[in-house]
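Those sequence lines, one after another, are chains A and B. Per this note's numbering, the first sequence starts with residue 17, numbered consecutively. Per this note's numbering, the second sequence starts with residue 17, numbered consecutively. We put the CB at the ideal spot given by N, CA and C, even for glycine.
There are 2 protein chains.
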Amino acid sequence: MLNRAEDITKAEIGSDGLGDFPAAPRPRDSLSFLEALLASGLLISTGVEGVYGRSAVFEEVVARVNAMVGVWGAGKHVEMLRFPPAMNRKVLEASGFWQNCPEQIGTVFSFCGDDRDHQRLLKCLDNRDDWAEELKPSRLSMTPAACYPVYSIIAARGPLPEAGRIVDILSYCFRHEPSIDPARMQMFRQREFVRMGTADQVQDFRKQLMEHASGMMRALRLPATVEVANDPFFGRAGKIVADIQRRQELKYELLIPGINAEKPTACASFNYHLDRFGEVWKITTDAGQVAHTGCVGFGLERIALSLFKHHGLEAQGWPDDVRAALWVEEKRATAAPRSVVR
Amino acid sequence: MLNRAEDITKAEIGSDGLGDFPAAPRPRDSLSFLEALLASGLLISTGVEGVYGRSAVFEEVVARVNAMVGVWGAGKHVEMLRFPPAMNRKVLEASGFWQNCPEQIGTVFSFCGDDRDHQRLLKCLDNRDDWAEELKPSRLSMTPAACYPVYSIIAARGPLPEAGRIVDILSYCFRHEPSIDPARMQMFRQREFVRMGTADQVQDFRKQLMEHASGMMRALRLPATVEVANDPFFGRAGKIVADIQRRQELKYELLIPGINAEKPTACASFNYHLDRFGEVWKITTDAGQVAHTGCVGFGLERIALSLFKHHGLEAQGWPDDVRAALWVEEKRATAAPRSVVR
Chain A
17 MLNRAEDITK
27 AEIGSDGLGD
37 FPAAPRPRDS
47 LSFLEALLAS
57 GLLISTGVEG
67 VYGRSAVFEE
77 VVARVNAMVG
87 VWGAGKHVEM
97 LRFPPAMNRK
107 VLEASGFWQN
117 CPEQIGTVFS
127 FCGDDRDHQR
137 LLKCLDNRDD
147 WAEELKPSRL
157 SMTPAACYPV
167 YSIIAARGPL
177 PEAGRIVDIL
187 SYCFRHEPSI
197 DPARMQMFRQ
207 REFVRMGTAD
217 QVQDFRKQLM
227 EHASGMMRAL
237 RLPATVEVAN
247 DPFFGRAGKI
257 VADIQRRQEL
267 KYELLIPGIN
277 AEKPTACASF
287 NYHLDRFGEV
297 WKITTDAGQV
307 AHTGCVGFGL
317 ERIALSLFKH
327 HGLEAQGWPD
337 DVRAALWVEE
347 KRATAAPRSV
357 VR
Chain B
17 MLNRAEDITK
27 AEIGSDGLGD
37 FPAAPRPRDS
47 LSFLEALLAS
57 GLLISTGVEG
67 VYGRSAVFEE
77 VVARVNAMVG
87 VWGAGKHVEM
97 LRFPPAMNRK
107 VLEASGFWQN
117 CPEQIGTVFS
127 FCGDDRDHQR
137 LLKCLDNRDD
147 WAEELKPSRL
157 SMTPAACYPV
167 YSIIAARGPL
177 PEAGRIVDIL
187 SYCFRHEPSI
197 DPARMQMFRQ
207 REFVRMGTAD
217 QVQDFRKQLM
227 EHASGMMRAL
237 RLPATVEVAN
247 DPFFGRAGKI
257 VADIQRRQEL
267 KYELLIPGIN
277 AEKPTACASF
287 NYHLDRFGEV
297 WKITTDAGQV
307 AHTGCVGFGL
317 ERIALSLFKH
327 HGLEAQGWPD
337 DVRAALWVEE
347 KRATAAPRSV
357 VR
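Below, the structure is given as structure tokens:
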């Protein structure tokens with residue numbers, strides 16, 4: 017096995033023909049920003065495109081951005097729930113994600129054979145044969161968006177209270193889209209608020225968070241716009257679904273230019289699901305109606321990357337007001353009674 | 017797809033015959049503690065054994081335990097690195113984990129077909145056919161222990177400095193071992209320190225962290241012992257390897273009784289790899305020798321669960337000195353110059 021380890025150290029962003037997928041084209045600007053991020057040590061190559069280690073500085077900026085997002089929930093009746101980065105595969109199947117974005121899903125496979133199967137598997141690994149046959153799907157998929165585990169759990173509690181519910185979510189997410197655009201990571205964190213209630217409650221929620229996000233962008237001096245958008249639905253039929261989504265204005269995105277020279281990067285999205293998840297998961301309002309739902313997710317790495325792109329790779333050199341906003345908002349967030357135990 | 021969602025809500029910890037694995041036997045005490053955790057809302061069922069949502073209170077306790085662990089690094093030359101919960105599959109293969117614990121590994125599979133393949137896949141999902149054939153292994157595995165991504169990255173930097181290196185790691189980890197023992201989660205967090213250097217440096221590091229862990233346990237009033245241990249090596253040959261590991265005292269565990277009535281739970285482990293990872297990854301000391309390595313990992317959920325088991329499900333009611341230790345240590349940790357940016 018030793019020579020294989022050596023290969024990896026040498027190859028860095030390498031390829032071994034094992035489970036590889038066509039490489040994305042390499043726009044020059046993305047590559048050079050990625051190279052700068054890697055050279056500065058803010059991100060660390062793991063040898064897989066879109067999967068990076070993070071330095072202490074990068075993590076601190078992500079934590080401060082996360083705290084700024086969280087300020088919206090202060091003083092509101094928000095329930096914090098946290099889920100691991102993999103979820104019940106059946107829940108994801110029921111959500112419709114397999115219909116819409118099948119190529120982005122990661123399913124966790126495991127080995128469950130005996131001693132003899134194990135010997136065969138090891139031989140396959142050494143010979144680079146088709147070892148995948150020895151593995152079987154487990155009950156887990158990677159979480160593609162932080163809120164997917166939430167709906168069935170809230171539904172199981174019975175009808176919503178009159179005020180509906182707001183849930184505060186954060187997790188690592190996975191999307192299988194290897195890319196050298198540093199904003200298109202395969203593994204990244206989403207901080208989300210999820211709203212369940214009446215149509216009015218969900219639409220008001222979405223409006224409030226658009227204002228909160230825009231305010232954040234002004235404070236961080238990032239040149240953002242909020243625009244109607246659509247999910248990247250798969251295949252030919254997907255184009256029709258995407259058109260409907262745009263016409264009904266079910267999705268808005270907070271776009272920040274800079275990281276990718278060819279198009280601005282979606283750093284947050286504001287989603288109104290109508291009563292679709294209410295129907296799928298049998299979520300009802302206190303009046304017995306099918307609940308409407310919406311979610312607003314912030315891409316923490318993407319906002320952090322935008323800060324490094326627009327204000328420089330040295331966070332110490334960022335404009336005073338940007339630094340003040342990041343750290344003052346952190347103080348406001350922690351000044352709120354954050355401890356739920358003490 | 018609608019009726020499938022309903023099934024899940026009803027079934028909770030259910031089974032659909034799709035990629036299931038033999039259920040572990042259900043020791044009575046573990047089940048009732050798990051039931052109490054679920055009833056209190058500290059953990060939330062996702063319908064998959066060993067994969068739980070966490071309440072705000074549970075997360076706060078985990079964060080405080082994590083801060084207490086981190087106090088060891090304060091004032092030392094420790095580099096913080098953070099990695100996502102999935103890693104380069106080839107790096108894991110080279111580490112030897114496939115030889116030792118193949119049944120615990122999660123490999124991420126993805127769909128990479130066209131429109132027609134997609135239609136066939138959806139039909140398979142609806143009919144519960146063998147849809148797994150449409151998926152192929154991606155370049156990622158779930159991270160089984162927080163430190164696995166670190167070694168190749170440090171090796172790539174060239175020889176270690178004279179003092180060696182200490183790396184501070186935290187990530188969600190995955191081990192495929194579905195169980196109703198709440199301490200045996202499939203997804204959990206490990207805070208780790210990794211030491212690379214001479215044999216003396218690594219052994220001294222391990223001794224320091226045993227003392228730190230024992231001190232933490234006294235402060236938290238948890239009845240812990242530190243004992244020689246072995247990894248759960250797979251198969252018949254594994255027993256021999258485990259014996260060697262014990263004889264050489266390469267692994268110690270911090271054991272806390274209580275969660276599982278049948279045996280105490282390993283809540284931290286203190287591992288000395290000799291020069292094995294140094295050989296595999298070509299890590300060398302400044303004197304040009306193959307480096308020795310060691311790692312000490314703390315199971316954050318397991319320590320949190322031990323606190324809930326021994327001091328009660330209501331954290332507000334824990335003994336004053338335990339609460340003081342958790343929150344005072346947090347103050348000590350944050351009093352240190354934690355910001356690396358300001």
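Same chain, Cβ closer than 8 Å to E95(A), neighbours up to 5 away in sequence not counted
Excluding five sequence positions before and after E95(A), the CB atoms of its chain that fall closer than 8 Å to its own CB belong to R181, I182, V183 and D184, given in chain order.
Query raised in the report: Does the count of Cβ pairs from the stretch 313-321 of chain A and the stretch 248-259 of chain A closer than 8 Å reach three?
Result: They do not touch, by the three-pair rule.
### Query
Near P165(B), what residues of its chain come up, given a Cβ to Cβ distance below 6 Å and the 5 sequence neighbours on each side ignored?
In chain order, F99 and M103 place their CB closer than 6 Å to the CB of P165(B), counting only its own chain and leaving out the 5 sequence neighbours on each side.
### Task
Could you tell me whether the stretch 118-131 of chain B touches the stretch 121-128 of chain A, where touching means 3 or more Cβ pairs closer than 8 Å?
Three or more beta-carbon pairs separated by less than 8 Å link the stretch 118-131 of chain B to the stretch 121-128 of chain A, which places the two stretches in contact.
Check: Does any residue of chain A bring its CB to less than 8 Å from the CB of R207(B)?
Finding: Cβ-Cβ to chain A under 8 Å: no for R207(B).
Below 8 Å between beta carbons: does that hold for V85(B) and R191(B)? Result no, Cβ atoms of V85(B) and R191(B) do not sit closer than 8 Å.
Exercise. If contact means a Cβ-Cβ distance below 7 Å, which residues of the stretch 80-110 of chain A contact chain B?
Worked result: M96, L97, R98, F99, P100, P101, A102, M103, N104, K106, V107, E109 and A110: these are the residues of the stretch 80-110 of chain A whose beta carbon lies less than 7 Å from some beta carbon of chain B, given in chain order.
Handout entry: Inside the stretch 68-145 of chain A only - beta strand (DSSP E) runs reaching at least 3 residues
Key = DSSP runs (the beta strand (DSSP E)) wholly in the stretch 68-145 of chain A: 95-98, 102-104 and 123-127.
Notebook entry, point to check: In angstroms, rounded to a whole number, what distance separates the CA positions of G251(A) and D131(B)?
Noted result: Those two C-alpha atoms are separated by around 6 Å.
Could you check what DSSP says for H289(A) in three-state terms: helix, strand or coil? Assignment of H289(A) by DSSP, reduced to helix, strand and coil, places it in the coil class.
inquiry  = Against chain B, which members of the stretch 128-145 of chain A pass a CB distance test of less than 7 Å?
reply    = Residues passing the 7 Å Cβ filter: C128, D131, H134, L137, L138 and L141.
Do you know offhand how far F293(A)'s Cα is from G294(B)'s?
Approximately 51 Å between the Cα atoms of the pair.
| Does the beta-carbon of H228(B) have 16 or more other beta-carbons within 10 angstroms, so that it is buried, or is it exposed? | The residue in question, H228(B), is buried, as its Cβ has 16 or more Cβ neighbours within 10 Å.
8 Å Cβ cutoff, F190(B) in contact with chain A: Closer than 8 Å: yes.
Would Q202(A) pass as a contact of R211(A) if the rule is Cβ separation under 8 Å?
-> No. Outside cutoff.
So, for L225(B): in the same chain, excluding its five sequence neighbours on each side, which residues have a beta-carbon less than 7 Å away from its beta-carbon? Excluding sequence neighbours, L225(B) sits near W88, F209, F286 and V312.
Going by alpha carbons, who is nearest to A72(B) out of S56(B), A83(B) and V64(B)? Here the closest residue by C-alpha is S56(B).
| So what does DSSP say about L53(A), is it helix, strand or coil? | DSSP, read as helix, strand or coil, puts L53(A) in helix.
Contacts around V242(A), its chain only, beta-carbon distance under 6 Å, and the 5 residues preceding and following it disregarded: The residues M226, Y268 and L270, in chain order, have a CB closer than 6 Å to that of V242(A) in the same chain once the five nearest residues on each side in sequence are set aside.
Point to revise | Length of the line joining the Cα atoms of S111(A) and V296(A) | key: In a straight line, the C-alpha of S111(A) is about 7 Å away from that of V296(A).
Quiz item: Can you list, in chain order, the residues of the stretch 271-304 of chain B whose Cβ is nearer than 8 Å to any Cβ on chain A?
Solution: Under the 8 Å Cβ criterion, the stretch 271-304 of chain B contributes E295, V296, W297 and K298.
Per-residue contacts from F250(A) into chain B (C-beta, under 9 Å) = Annotation: Cβ neighbours of F250(A) in chain B (cutoff 9 Å, chain order): D131 and H134.
With a floor of 4 residues, list each alpha helix (DSSP H) that falls wholly inside the stretch 198-226 of chain B, ordered by position along the chain.
Within the stretch 198-226 of chain B, no alpha helix (DSSP H) run of at least 4 residues lies entirely inside it.
Mind pulling the beta strand (DSSP E) runs of 3 or more residues that sit fully within the stretch 302-329 of chain B?
Runs found: 308-315.
Of the choices A277(B), G231(B), G63(B) and V306(B), whose alpha-carbon is the least far from that of T214(B)? That would be V306(B), whose Cα lies nearest to the Cα of T214(B).
* **8 Å Cβ cutoff, G180(A) in contact with chain B** => Interface criterion not met: the Cβ of G180(A) is under 8 Å from no Cβ in chain B.
Exposed unless 16 or more other CB atoms sit within 10 angstroms - verdict on P198(A):
Result: buried.
Spatial distance of D337(A) from K325(A) (CA atoms): Rounded to the nearest angstrom, the two C-alpha atoms are 17 Å apart.
Would a C-beta distance cut-off of 8 Å place R80(B) and L342(B) closer than the cut-off? For R80(B) and L342(B), yes; Cβs fall inside 8 Å.
Query raised in the report: Just checking my contact of R105(A) with S157(A) at CB under 8 Å: how many whole Å lie between their CB atoms?
Result: R105(A) to S157(A), Cβ: 4 Å. Contact.
- DSSP on I275(A), reduced to helix/strand/coil? Correct three-state label for I275(A): coil.
What does M158(B) pair with, by DSSP beta-bridge criteria? Per the DSSP secondary-structure output, M158(B) pairs in a beta bridge with A102(B).
| message | According to DSSP, is Y164(B) part of a helix, a strand, or is it coil? | response | Three-state DSSP puts Y164(B) in coil, outside helix and strand.
Report task. Would you check if the distance between the CB atom of G66(B) and the CB atom of R237(B) is smaller than 8 Å? Result -> No, these two residues do not count as a Cβ contact at 8 Å.
Q: Kindly list, in the order they appear in chain A, the residues whose Cβ is closer than 7 Å to that of S195(B).
A: Result: empty, since nearest Cβ-Cβ is about 13 Å, beyond 7 Å.
Quickly, what does DSSP pair D184(B) with across the bridge? List them, please.
Residue pairing from DSSP places D184(B) in a beta bridge opposite M96(B) and F209(B).
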